[in-house]
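*Asks:*
Residue numbers (the working numbering): 5 to 218.
#1: Mind checking residue 80: buried by the 16 CB within 10 Å criterion, or exposed?
#2: Give me whichever residues DSSP pairs with residue 146 in a beta bridge.
#3: Looking at residue 87: is its Cβ nearer than 8 Å to the Cβ of residue 69?
#4: With a CB to CB cut of under 8 Å and the five nearest residues on each side skipped, what residues in its chain are close to residue 91?
#5: Taking residue 104 as part of the alpha helix (DSSP H), name the residues at either end of that continuous run.
#6: To the nearest angstrom, report how far apart residue 178 and residue 188 are at their CA atoms.
#7: Taking the alpha-carbon positions, what's the residue 126 to residue 154 distance?
#8: Quick check on this structure: which residue in 105, 181 and 123 has the alpha carbon closest to the alpha carbon of residue 141?
#9: Quick check on DSSP: helix, strand or coil for residue 20?
#10: Looking only at C-alpha atoms, which of 184, 122 and 215 sits nearest to residue 31?
#11: Exposed or buried, which one is residue 57 when buried takes at least 16 other CB atoms within 10 Å?
#12: Please state whether DSSP places residue 43 in a helix, a strand or coil.
#13: Label residue 109 either buried or exposed according to how many other C-beta atoms from any shown protein chain fall within 10 Å of its C-beta, with 16 as the threshold for buried.
#14: Does DSSP classify residue 177 as helix, strand or coil?
#15: Quick one: what does DSSP say residue 56 is sitting in, helix, strand or coil?
#16: With DSSP run on the structure shown, which of helix, strand or coil describes residue 212?
#17: Tell me whether the beta-carbon of residue 207 lies closer than 8 Å to the beta-carbon of residue 213.
#18: Using 10 angstroms around the beta-carbon of residue 67, count the other beta-carbons present and answer buried if the total reaches 16, otherwise exposed.
#19: Would residue 182 be called buried (16 or more neighbouring beta carbons within 10 Å of its own) or exposed?
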C-alpha cells in the first residue's frame with residue numbers, strides 16, 4: 005500500500021484518528037501526526053484524548069480538562085489537527101473499536117485511518133475486537149521504527165485481512181516520550197525543548213507532574 009494516498013484508496017474523505025493519553029503532548033506526537041498527514045494524504049487528523057486508558061488504570065493521570073488545554077496549546081495554528089471528545093463524553097472503558105463505531109455514527113460517509121506505532125501493531129491481536137477494528141478502518145497507518153519487528157504472516161493469521169490494510173509511515177526517530185517529559189518536570193529538569201511553548205507554559209502554570217500536582 006506504500007505510496008497510495010487516501011483519495012486514491014477511497015475517492016472520498018478519509019480522516020486520520022490518533023488516540024492517546026497525551027499527558028503531555030510532545031513534539032514527537034506532532035511530528036508523527038504531521039508525517040502521517042503528508043505521507044497518507046490526509047487533510048485532517050482527529051486527535052482523540054482518552055479520559056482513562058484501560059491499560060493505565062494504576063497510573064495517576066492528569067485531569068482530562070487540563071490535558072485538553074495542553075492538547076489545544078500543542079495543536080494551535082495547524083488547521084489539519086482537530087480534537088474529538090468521543091472518549092471524553094462517554095463512560096469508560098475506552099476501546100479503539102468502540103471509538104471507531106461512534107465516529108462512524110457521528111460522521112457517516114467518512115472513512116477512518118487509525119494511526120498507531122509498530123509496537124501497537126504487534127500487540128493488536130490482544131486489543132478489544134481486533135478483527136472488527138481492522139474492518140472499520142480503510143487502513144491502519146503504522147509508524148515504522150528501526151527496532152519494530154512485526155511478523156505480518158502471524159498477524160494476518162490472527163486478524164484476517166489486516167496485512168492489506170497496513171500503510172507504513174516513515175518518520176524521524178524522535179526519542180521523546182510523555183513519561184520522559186513528566187520525569188524532567190518532576191525532577192526540575194529542562195523539558196521546554198521537548199514540548200511546544202504553549203504546553204511548557206501550562207505545565208509550569210499548573211505545576212504539573214510534581215508530587216502534589218492536580
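Ideal Cβ placement from N, Cα and C applies to all residues, glycine included.
*Replies:* Concretely, from the data shown:
#1: On the chain shown, residue 80 is found 76 positions in, with the first residue counted as 1. With fewer than 16 other Cβ atoms within 10 Å, it is exposed.
#2: The residue you call residue 146 lines up with position 142 of the chain shown. According to DSSP, residue 146 bridges with 120 and 172.
#3: If you number the chain shown from 1, residue 87 lands on position 83. If you number the chain shown from 1, residue 69 lands on position 65. Against a cut-off of 8 Å, the Cβ pair of residue 69 and residue 87 comes out as no contact.
#4: In the chain shown, counting from the first residue as 1, residue 91 sits at position 87. Around residue 91: 23, 52, 53, 54, 55, 98 and 103.
#5: Numbered from 1 along the chain shown, position 100 holds the residue referred to as residue 104. Start and end: 100 to 110.
#6: Residue mapping note: residue 178 aligns to position 174 of the chain shown, counting from 1. Residue mapping note: residue 188 aligns to position 184 of the chain shown, counting from 1. Using only the alpha carbons, I get a separation of about 17 Å.
#7: As a first step, residue 126 is located in the chain shown; it is residue number 122 there, counting from the start. As a first step, residue 154 is located in the chain shown; it is residue number 150 there, counting from the start. Between the alpha carbons of residue 126 and residue 154 lies a distance of about 6 Å.
#8: Position 137 of the chain shown, counted from the start, is the residue given in the question as residue 141. Cα-wise, what sits closest to residue 141 is 105.
#9: Stepping through the chain shown from its first residue, residue 20 is reached at position 16. If DSSP states are grouped into helix, strand and coil, residue 20 belongs with the strands.
#10: Counting from one through the chain shown, the residue named residue 31 turns up at place 27. If we check each option's Cα against that of residue 31, 184 comes out closest.
#11: Position 53 of the chain shown, counted from the first residue, corresponds to residue 57. With 16 or more other Cβ atoms within 10 Å, it is buried.
#12: In the chain shown, residue 43 corresponds to position 39, counting from 1. Helix at residue 43.
#13: As a first step, residue 109 must be located in the chain shown, where it is residue number 105. Exposed: under 16 other Cβ atoms inside 10 Å.
#14: Mapped onto the chain shown, residue 177 falls at position 173. Residue 177 falls in the coil class under three-state DSSP.
#15: Here the question's residue 56 lines up with position 52 in the chain shown. Coil, per DSSP.
#16: Taking the chain shown and counting its residues from 1, the one referred to as residue 212 is at position 208. Three-state DSSP puts residue 212 in coil, outside helix and strand.
#17: The residue labelled residue 207 in the question sits at position 203 within the chain shown. The residue labelled residue 213 in the question sits at position 209 within the chain shown. Taking 8 Å as the Cβ cut-off, residue 207 and residue 213 qualify as a contacting pair.
#18: To locate residue 67, count along the chain shown from 1; it is residue 63. Residue environment for residue 67: exposed (fewer than 16 other C-beta atoms within 10 angstroms of its C-beta).
#19: As a working mapping, residue 182 is identified with position 178 in the chain shown. Its Cβ being crowded by 16 or more others within 10 Å, residue 182 is buried.
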